[in-house]
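> Counted the way my numbering counts, the sequence shown spans residues 151 to 383. Quick reminder that beta carbons are idealized off the backbone N, C-alpha and C, glycines included. Remember, predicted model here, so these are calculated numbers, not experimental data.
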Amino acid sequence: VVYLSKKILGALKGVEKPALSLLVPNLKGLTLLIDVGANVNCRPHHLEQFGMMGHIFMESVLGLKNPRIGLMSIGEEDSKGNELTKEAFKKLQASPLNFIGNIEGKDMYSGKADVIVSDGFTGNVALKVSEGAIETFFYMARTELMKNFFSKIGLFLMKRHLKKIFKKIDYSEYGGAQLLGINGVCIIGHGRSTPNAVKNAVGLAKDFVQNKVQEKIQKGIANIPHTIGKAEV
Numbered sequence: 151v152v153y154l155s156k157k158i159l160g161a162l163k164g165v166e167k168p169a170l171s172l173l174v175p176n177l178k179g180l181t182l183l184i185d186v187g188a189n190v191n192c193r194p195h196h197l198e199q200f201g202m203m204g205h206i207f208m209e210s211v212l213g214l215k216n217p218r219i220g221l222m223s224i225g226e227e228d229s230k231g232n233e234l235t236k237e238a239f240k241k242l243q244a245s246p247l248n249f250i251g252n253i254e255g256k257d258m259y260s261g262k263a264d265v266i267v268s269d270g271f272t273g274n275v276a277l278k279v280s281e282g283a284i285e286t287f288f289y290m291a292r293t294e295l296m297k298n299f300f301s302k303i304g305l306f307l308m309k310r311h312l313k314k315i316f317k318k319i320d321y322s323e324y325g326g327a328q329l330l331g332i333n334g335v336c337i338i339g340h341g342r343s344t345p346n347a348v349k350n351a352v353g354l355a356k357d358f359v360q361n362k363v364q365e366k367i368q369k370g371i372a373n374i375p376h377t378i379g380k381a382e383v
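Next up, the structure:
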């Protein structure tokens, strides 16, 4: 789907690598992860563009002013990471974005950042690990709670509260992943998408058009000076 979207619709002027983004719940609201799989090989200025596209999405679609941009890395210190993240850190820091520094994997769902930037390989692995961890946790919890009569009673009493939690982490509530930076609208649904997920995906596409996200991304990218760092040569 990503390949065909790039091939048929093409990228917006100035966007070198359209990126796949996904909204995930955090302790305070929602966080946008970008890129979660469209681009395995990236250069520092690509991650800077991802940050700009994520910034515009959060402002235009969710109405979040001056969203906090974080860079996925192996530590919060400026010196942590590989050549890609170190150079991307410098570019994001020098950009007009509200860049708050490096974000570790443990803070993906803390609400520390509104947008978390990474290359597609790192983002996809982080997302899949999260999905697996959540599924494993709930399987283990359910298995343990179904072992005896009293724990079953406890599970029954918690049912209403558990439904609220499930709703917050249910992928269908967020429609699907957004391919940002293409000359059109592309929302990629989960392979197990429910009618509710499809409905929300259509609503998200409508918000894209009404808020002129593509036009804003193109203008935002045009304001980023393209300079090549040592990790990009």
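#1: Can you list, in chain order, the stretches of the alpha helix (DSSP H) that have 4 or more residues and sit fully within the region 342 to 371?
#2: Alpha carbon to alpha carbon, how far is residue 315 from residue 155? Give it in angstroms, no decimals.
#3: Using a threshold of 7 Å, state whether the C-beta atoms of residue 270 and residue 165 are closer than that.
#4: Count the other CB atoms, across all protein chains shown, that sit within 10 Å of the CB of residue 364; report buried if there are 16 or more and exposed otherwise.
#5: Considering just the uninterrupted stretch of the beta strand (DSSP E) at residue 265, what are its terminal residues?
#6: Along the chain, which unbroken stretches of the alpha helix (DSSP H) at least 4 residues long are found entirely within the region 170 to 246?
#7: Report the residue from 285, 346, 180 whose alpha carbon sits nearest the alpha carbon of residue 262.
#8: Closer than 6 Å by C-beta to residue 372: which residues in its own chain qualify, once you throw out the five before and the five after it? Chain order, please.
#9: Could you tell me the alpha carbon to alpha carbon distance between residue 284 and residue 357, rounded to whole angstroms?
#10: Decide if residue 292 is buried, meaning its Cβ has at least 16 other Cβ atoms within 10 Å, or exposed.
#11: In the DSSP assignment, what residue or residues form a beta bridge with residue 251?
#12: Assess contact between the region 167 to 175 and the region 344 to 351, defined as three or more Cβ pairs (one per stretch) separated by less than 8 Å. Is contact present?
#13: If you count every other CB in all the chains shown that lies within 10 Å of the CB of residue 246, and 16 or more means buried, which is it?
#14: Buried or exposed for residue 338, please, with buried defined as at least 16 other CB atoms from any protein chain shown within 10 angstroms of its CB.
#15: Spell out the partners DSSP gives residue 337 in its beta bridges.
#16: Near residue 259, what residues of its chain come up, given a Cβ to Cβ distance below 8 Å and the 5 sequence neighbours on each side ignored?
#17: Is residue 303 buried or exposed, if buried means 16 or more other CB atoms sit within 10 Å of its CB?
#18: What residues are listed by DSSP as bridge partners for residue 161?
#19: Is residue 205 closer than 7 Å to residue 96 when the C-beta atoms are compared?
#20: Might you give, ordered along the chain, the residues of its own chain that have their beta carbon closer than 6 Å to the beta carbon of residue 336, omitting 5 neighbours on each side?
#21: Would you mind sorting residue 228 into buried or exposed? The rule is 16 or more other CB atoms within 10 Å of its CB.
#22: Determine the direct distance from the alpha carbon of residue 251 to that of residue 233, and round the result to whole angstroms.
#23: Express the C-alpha separation of residue 240 and residue 273 in angstroms, rounding to a whole number.
#24: Please report how far the alpha carbon of residue 265 lies from the alpha carbon of residue 282, in whole angstroms.
#25: Might you give, ordered along the chain, the residues of its own chain that have their beta carbon closer than 8 Å to the beta carbon of residue 257, omitting 5 neighbours on each side?
On the basis of the data shown:
#1: Scanning the region 342 to 371 from its first residue to its last, the whole alpha helix (DSSP H) runs of 4-plus residues come out as 345 to 360.
#2: Distance between the alpha carbons of residue 155 and residue 315 is about 34 Å.
#3: Against a cut-off of 7 Å, the Cβ pair of residue 165 and residue 270 comes out as no contact.
#4: Under this definition residue 364 is a buried residue.
#5: Start and end: 265 to 267.
#6: Whole alpha helix (DSSP H) segments, 4+ residues: 194 to 210, 233 to 244.
#7: Per the Cα distances, 180.
#8: Excluding the 5 residues flanking it on each side, residue 372 has same chain C-beta neighbours closer than 6 Å at 164, in chain order.
#9: C-alpha separation (whole angstroms): 29 Å.
#10: It counts as exposed.
#11: DSSP, once it has assigned bridges, lists 220 as partnering residue 251.
#12: Too few Cβ pairs lie closer than 8 Å, so no.
#13: With fewer than 16 other Cβ atoms within 10 Å, it is exposed.
#14: So residue 338 ends up on the buried side.
#15: According to DSSP, which records beta bridges pairwise, residue 337 is partnered with 328.
#16: Taken in chain order, the residues that qualify are 174, 175, 176, 177, 181, 280.
#17: Counting Cβ neighbours within 10 Å, residue 303 comes out exposed, since fewer than 16 surround it.
#18: Per DSSP, the beta-bridge partners of residue 161 are 332.
#19: Outside the shown range of the chain, which is 151 to 383, sits residue 96, and nothing can be said about it.
#20: So the list reads 155, 329, once near-sequence residues are dropped.
#21: Looking at its Cβ environment, which holds fewer than 16 other Cβ atoms inside 10 Å, residue 228 is exposed.
#22: Annotation: residue 233 to residue 251 spans about 15 Å, alpha carbon to alpha carbon.
#23: Pairing residue 273 with residue 240, the inter-Cα distance amounts to about 20 Å.
#24: When rounded, the distance between both Cα atoms is 22 Å.
#25: Sequence-distant Cβ neighbours of residue 257 in its own chain, meaning closer than 8 Å and more than five residues away, are 220, 263.
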